[in-house]
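Only one structure is covered here, and it is reproduced in the block below.
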Amino acid sequence: MTRHDYSIDDTRHRTDRQPRTDGGHRIAPNLLPGAEGRPLSDVTVLELGHIIAGPFCSMLLADLGAEVIKVEHPKGGDAVRDSSEVGNSSFNYVNRNKLGVTLDLKSDEGSAVFADLVEESDVLIENFATGTADRLGVGYDDLKTINKELVYCSIKGFNEGPYEDYPALDPVAEALSGVMSVTGHPGQPPVRCGTSLADMAASLYGAISILGGVRQRDASGDGQHVTVPLYESTVSLMGYWLAYTQAYGKVAEPIGAGHPNWAPYNAYQSADEEWVFVGPSSQAQWEAMCEMLDTDLHEDARFATLDDRRDHREALNKGVAAACEQFEAKELISRLRDAGVPVAPVNDTQDVIDDPYLQQTDALGTIHATEGDGGDIDVPRYPARSTRFDRVENTDPPELGEDTDAVLEALGYDEAERERLRDTGAV
Numbered sequence: 026m027t028r029h030d031y032s033i034d035d036t037r038h039r040t041d042r043q044p045r046t047d048g049g050h051r052i053a054p055n056l057l058p059g060a061e062g063r064p065l066s067d068v069t070v071l072e073l074g075h076i077i078a079g080p081f082c083s084m085l086l087a088d089l090g091a092e093v094i095k096v097e098h099p100k101g102g103d104a105v106r107d108s109s110e111v112g113n114s115s116f117n118y119v120n121r122n123k124l125g126v127t128l129d130l131k132s133d134e135g136s137a138v139f140a141d142l143v144e145e146s147d148v149l150i151e152n153f154a155t156g157t158a159d160r161l162g163v164g165y166d167d168l169k170t171i172n173k174e175l176v177y178c179s180i181k182g183f184n185e186g187p188y189e190d191y192p193a194l195d196p197v198a199e200a201l202s203g204v205m206s207v208t209g210h211p212g213q214p215p216v217r218c219g220t221s222l223a224d225m226a227a228s229l230y231g232a233i234s235i236l237g238g239v240r241q242r243d244a245s246g247d248g249q250h251v252t253v254p255l256y257e258s259t260v261s262l263m264g265y266w267l268a269y270t271q272a273y274g275k276v277a278e279p280i281g282a283g284h285p286n287w288a289p290y291n292a293y294q295s296a297d298e299e300w301v302f303v304g305p306s307s308q309a310q311w312e313a314m315c316e317m318l319d320t321d322l323h324e325d326a327r328f329a330t331l332d333d334r335r336d337h338r339e340a341l342n343k344g345v346a347a348a349c350e351q352f353e354a355k356e357l358i359s360r361l362r363d364a365g366v367p368v369a370p371v372n373d374t375q376d377v378i379d380d381p382y383l384q385q386t387d388a389l390g391t392i393h394a395t396e397g398d399g400g401d402i403d404v405p406r407y408p409a410r411s412t413r414f415d416r417v418e419n420t421d422p423p424e425l426g427e428d429t430d431a432v433l434e435a436l437g438y439d440e441a442e443r444e445r446l447r448d449t450g451a452v
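Quick note: the working numbering has the sequence shown finishing at residue 452, numbered continuously throughout.
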């Protein structure tokens, strides 16, 4: 394979793109295992991502077999590398199954290498602050002149409009969208979701939109620019609460572990002081719950129907709490499961790791934590199953620039050229 030898001044305006003929649509087909037979085995994704939103989006595509090349600055890389225990842990999870390349996009030579990568890629994902990609010369208008088939996904705080230049983080989107207003308990301060809900919502919409863009590209030969906002993505998760407010003129309030449509429907404490969620969602389940908990609450006229139970929710919760407190968590859960009543322990993160169900269903895969001192850790695999393809096996997140040499070699850069790029600091 011969790399196109463009001068630095021409790297922003190359139009004579020639697809590779060796190795299909993957730049370095032998570096990431397990693509064979997967839906995106012929798709290469460039990720200019950091923290959660961009990296999680590209990780989803990697799980479907895409070749994902994470491009980072040679000095420091992703903002959460070597940042904190939680930052390192988030990096290790969302950057599995990727190749790691370092490039200085502000240098002419680094830009030229990046242009070669773009020319050979199908998708680019970036979650820079608004305007940053354009300032670096890697915005969509720049790159579509190199590869008109490129599906370019920008994950931003907001779509174009009055908010587009506002700084945005996951909690900003959660606050604006109303998620914080319904999370937690009445009379208490607003509560952020315990995981990066807005970032991951945008990532999921990003992955879905990219798949749609790739399908259109395959039909038409033309790429496109997809913009996915944290704010509107999170608002979409609040859709039924917005419908409720407009239809009934009521503002949703914090709901704790419950839901206003069902009663009882809450987390209750067991005799051994564990928290257990109990949520009968039919009349039969309600009556079965009472029988299994040795309580006659179902015979109380205040709780005869679901409407009655909603109207007397406070008294109902006190009665159910008293019944649950008579049993240790293990027996409480066993009794209700046997009766077909929805019930679950409120697991902490160690409980989830130790859940035998996740072990037996191969829901977690082992990787080596490249950031921090986590050693080997088990992280979630792609959760969906298919009759046509299996999930890609996990590979370790890349060390900073770990695959730079191999990817450049696959692009056609010989050892002397690679050494020169290292000497100049371009990689």
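Glycine included, each C-beta is placed from N, C-alpha and C at the ideal position.
Just so we're clear, the structure is a prediction, and the values are computed from it rather than from any experiment.
Problem - 3 or more residues per run - each beta strand (DSSP E) lying fully within the region 91-124 - result: If only complete runs of 3 or more residues are kept, the region 91-124 shows the beta strand (DSSP E) at 92-97, in order along the chain.
Problem - Cβ pair count under 8 Å reaching 3, the region 198-213 against the region 62-81 - result: no
Problem - Limits of the unbroken alpha helix (DSSP H) element including residue 264 - result: 264-273
Exercise for the section: For residue 226, I'd like the list of residues in its chain whose CB is within less than 7 Å of its CB, leaving aside the five on either flank, ordered along the chain. Expected result: 258, 259, 262
Handout entry: Integer Cβ distance of residue 174 from residue 242, believed to fall under 8 Å
Key = The pair is a contact, with the Cβ atoms about 5 Å apart (cut-off 8 Å).
Handout entry: Between the CA atoms of residue 381 and residue 237 - distance to the nearest angstrom
Key = Between residue 237 and residue 381, the C-alpha separation is close to 36 Å.
Practice task
Please report how far the alpha carbon of residue 232 lies from the alpha carbon of residue 86, in whole angstroms.
Solution key: So the alpha carbons of these two residues sit roughly 7 Å apart.
Practice task
Please check the pair residue 52 and residue 432, which I expect to be a contact at CB under 8 Å, by giving their CB distance rounded to whole angstroms.
Solution key: Taking a contact as a CB-CB distance under 8 Å, the pair residue 52 and residue 432 counts as one, their CB atoms being some 6 Å apart.
Handout entry: 6 Å Cβ shell around residue 80 - same chain, five flanking residues per side excluded
Key = 74, 119, 120
Handout entry: Close-in-space but distant-in-sequence residues of the same chain around residue 297 (CB under 7 Å, 5 per side omitted)
Key = 353, 354
Practice task
Have a look at residue 304 and residue 348 and give me their C-alpha separation to the nearest angstrom.
Solution key: Their Cα atoms are separated by approximately 14 Å.
Practice task
Can you tell me which of 334, 403, 356 puts its alpha carbon nearest to the alpha carbon of residue 376?
Solution key: 403
Problem - Rounded C-alpha distance that separates residue 423 from residue 152 - result: 19 Å
Problem - C-alpha gap between residue 440 and residue 142, whole angstroms - result: 18 Å
Practice task
Return helix, strand or coil for residue 250, following the three-state DSSP convention.
Solution key: strand
Problem - Limits of the unbroken alpha helix (DSSP H) element including residue 453 - result: The requested residue 453 is not part of the displayed model; the chain covers only 26 to 452.
Problem - Same chain only: Cβ atoms within 7 Å of residue 329, ignoring 5 sequence neighbours per side - result: none
Problem - residue 83 beta carbon less than 8 Å from that of residue 150 - result: yes
Practice task
Report the three-state DSSP secondary structure of residue 394 (helix, strand or coil).
Solution key: coil
Handout entry: Boundaries (first-last residue) of the beta strand (DSSP E) holding residue 69
Key = 69-73
Handout entry: CB contact flag (residue 126, residue 169, <8 Å)
Key = no
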